[in-house]
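In my numbering, the protein residues as written are 135 to 332.
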């Protein structure tokens, strides 16, 4: 994510300082990760495996969401309006951002997900189906068409389901990109689109 935002700073046609924009980089904790046979890894939450049809490990996601909720609540208490916060991430980080934006903080300014997916039984879909939100954070999603870790079809399916549940957004295919952060994702301006910086 630091690499992504460094590229973003180099490519955006605005002066970051003049816009009073602050970038924060919360890091996923190190924990045992079932998807790699219980080895320790830096992950936001546990998974049985990396497949869209596997059940979401809800308790693990909710546990980490509570930690991030405190982090965001503290930003708001310190003076940053929730309506000025954009959240996003790469791969699992993007999935976690979707949980935070659409389950916990629907007043956020926007959400971006890079090479991310949600399990078919995700709580994000469940909560959006039950909610009565008048507006939701706009979403911008990017996905490489040569991503074999998280196939682009999973990202497209996630995006389509979110749109069907009232989210507005954009989905961009990054040509010839695998499961990596790409310059094109920066050039197209994921955060810029969410913030409507002009």
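All C-beta atoms, glycine included, are put in the ideal place defined by N, C-alpha and C.
These figures come from a predicted structure and were not determined experimentally.
Helix or strand or just coil, what does DSSP make of residue i?
i           : result
residue 267 : coil
residue 197 : helix
residue 314 : coil
residue 236 : helix
residue 151 : Bear in mind that the predicted position of residue 151 carries a pLDDT of just 47, short of 50, making it too unreliable to give a figure here.
residue 178 : coil
residue 223 : strand
residue 217 : helix
residue 231 : helix
residue 208 : helix
residue 309 : coil
residue 202 : helix
Taking 7 Å as the cut-off, decide whether the C-beta atoms of residue i and residue j are in contact.
i           : j           : result
residue 178 : residue 230 : yes
residue 348 : residue 277 : There is no way to answer for residue 348, as the model of the chain reaches only from 135 to 332.
residue 294 : residue 186 : no
residue 307 : residue 279 : yes
residue 184 : residue 169 : yes
residue 109 : residue 251 : Outside the displayed span of the chain (135 to 332) sits residue 109, for which this structure offers no information.
residue 222 : residue 246 : yes
residue 164 : residue 176 : yes
residue 202 : residue 236 : no
residue 225 : residue 194 : no
residue 190 : residue 298 : no
Can you pull the DSSP bridge partners for residue i?
i           : result
residue 166 : 174
Does the beta carbon of residue i come closer than 7 Å to any beta carbon on chain C?
i           : result
residue 181 : Annotation note: the requested chain C is absent from the structure, which comprises a single protein chain.
**At least three beta-carbon pairs within less than 8 Å, the segment 298 to 308 to the segment 253 to 272** = At 8 Å Cβ cutoff, the stretches touch.
**Prompt:** Where in the segment 239 to 307 do unbroken runs of the alpha helix (DSSP H), each at least 4 residues long, occur, reported from the N-terminal end onward?
**Reply:** Here the runs fully enclosed are 257 to 264, 286 to 298.
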